[in-house]
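Here the sequence shown is numbered in this note's numbering, starting from 66 and rising by one per residue. A virtual CB, placed ideally from N, CA and C, is assigned to each residue, including glycine.
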Amino acid sequence: MTINPPLLALAIGAFGIGVTEFAPMGMLPTIAADLGVSIPAAGLLVSAYAVGVLVGAPLMTLLFARTPRRALLIGLMGVFTLGNLLSGLAGGYGTLLAARVVTSFNHGAFFGIGAVVAAGVVPPQRRASAVAAMFSGLTLATIGGVPLAAWIGETMGWRIVFLGIAAIGGTAMLALRLSLPPLPVEAGSDMRAELRALRQGPVLAALLLTVLGASAMFTVFTYIAPILRVETGAGSAFVTAMLVVYGLGLAVGNWLGGRLADRSLDRTLLGSLAGLIVLLVLFAAGMHSAWASVPLIFLWGVASFAIVPPLQMQVVRAAAKAPNLASAMNIGAFNLGNAIGAALGGAVIDAGLGFPAVSLAGAAAAGTALALLLALRHGRRRGDREPAVAPV
């Protein structure tokens, strides 16, 4: 689809957020060595950011529920810019941890509100593709931004990376100001209806699916740099190249997921989750070989992000009368899965089970998501088959 200026501006913001979210994963060994902490401890920087997103998503959405959408999106990118400046100036582990939490508070509300705005600027039959267009900034971040950040972190220091990301935040603020109309909040917007929507069974089930799907991805991706260095015996150049390969897979998966989800949300999720399970099991066996790792990492990226547009649209569809908070909470759920996955992978490493077991743990998380999806589909079909009760 043709990307119009509002979608482009949203994609620039998504690009910056994607770089700041994923960059530490490519720099974990560098950050750990510089701050004198272990790899799992450095991995907590990922978990802290993810938990901050989970808390910030509903908080920022509710606090600024009456703020015009353009002003809110620009303000959220201001929080993003400030947090990255603080990260770049951090002198120790505790300061960096706090700065990462500050940065994270913009994330869920930006993607949540941004997804609703993106879906509103295209015809109804193209909404999943519009959301995918916004998320293309996130996938482009993994293709170019994160590998570049890993290289800069290795050669110039990780603090420079965060200062550069802050500059991207300033650019996104300008792009949003120039391309978006004021977008006032609709008069009928009701935050109590938004909160009630979160208690609905279909919405909770969709959010849980997002948590499980994201945890499958981040159980392994959080530790991709040490996995490649230890198991594959790779140097910095190969690690950077594999981050690019993974990012290319995410971009293809994001595009493919958006296109397929416009046809069928459930079938897109079923196929992607099944593929994710198979690929993570194969990666556990193939991570020792550089030749095997390349195609597996690419296809793993495709499967990982093919689930993102349908999961986002599933939540918005389930909470059709109150989409803003539900959409933001889905981003929070994605990052809760991020935190759970990072913690799960770290626990496997601390237990001495080895890096192949990390990939198997990710496959198990994807299997849990697939089982939940099948159970939900079975429940819907059973409900459709039950005859209506005749009035007495």
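Label residue i either buried or exposed according to how many other C-beta atoms from any shown protein chain fall within 10 Å of its C-beta, with 16 as the threshold for buried.
| i | result |
| --- | --- |
| His172 | buried |
| Arg165 | buried |
| Gly159 | exposed |
| Met221 | exposed |
| Gly179 | buried |
| Gly177 | buried |
| Gly218 | buried |
| Ala416 | exposed |
In three-state DSSP terms, what is residue i?
| i | result |
| --- | --- |
| Val102 | coil |
| Met352 | coil |
| Glu296 | coil |
| Ile45 | In this structure the chain extends from 66 to 457, so residue 45 is not present and cannot be described. |
| Tyr288 | coil |
| Gly419 | coil |
| Asn69 | coil |
| Gly222 | coil |
| Pro246 | coil |
| Ser337 | helix |
| Asp460 | This structure leaves residue 460 out entirely; the chain is present only between 66 and 457. |
| Arg264 | coil |
| Leu272 | helix |
Just to confirm, does residue i get its C-beta within under 6 angstroms of one of the non-hydrogen atoms of the ligand NAD?
| i | result |
| --- | --- |
| Ala408 | Of ligands this structure carries none, so the ligand NAD is not represented either. |
Does any residue of chain B have a CB that is nearer than 7 angstroms to the CB of residue i?
| i | result |
| --- | --- |
| Tyr158 | Looking at the structure shown, chain B is missing, and only one protein chain is on hand. |
Touch test, the region 271 to 283 against the region 395 to 404, Cβ-Cβ under 8 angstroms, three pairs minimum: yes
Sufficient close CB pairs (3 or more, under 8 angstroms) joining the region 212 to 223 to the region 115 to 130: no
Validate contact between the region 423 to 432 and the region 348 to 363 using beta carbons, cut 8 angstroms, 3 pairs: yes
Sequence ranges, alpha helix (DSSP H) only - wholly within the region 98 to 171, length at least 4: 104 to 128, 134 to 154, 158 to 169
Contact the region 313 to 330 vs the region 403 to 415: 3+ CB pairs below 8 angstroms: no
The region 143 to 151 in contact with the region 428 to 435 per 3-pair CB rule at 8 angstroms: Touching, no, given that fewer than three Cβ pairs across the two stretches are closer than 8 angstroms.
At least three beta-carbon pairs within less than 8 angstroms, the region 281 to 296 to the region 83 to 95: yes
The region 296 to 307 contacting the region 193 to 204, beta-carbon criterion three pairs below 8 angstroms: no
contact_flag[the region 231 to 245, the region 77 to 88] where n(CB pairs < 8 angstroms) is 3 or more: yes
The region 359 to 378 / the region 328 to 345 touching (three or more Cβ pairs under 8 angstroms): Cβ pair count under 8 angstroms is three or more, so yes.
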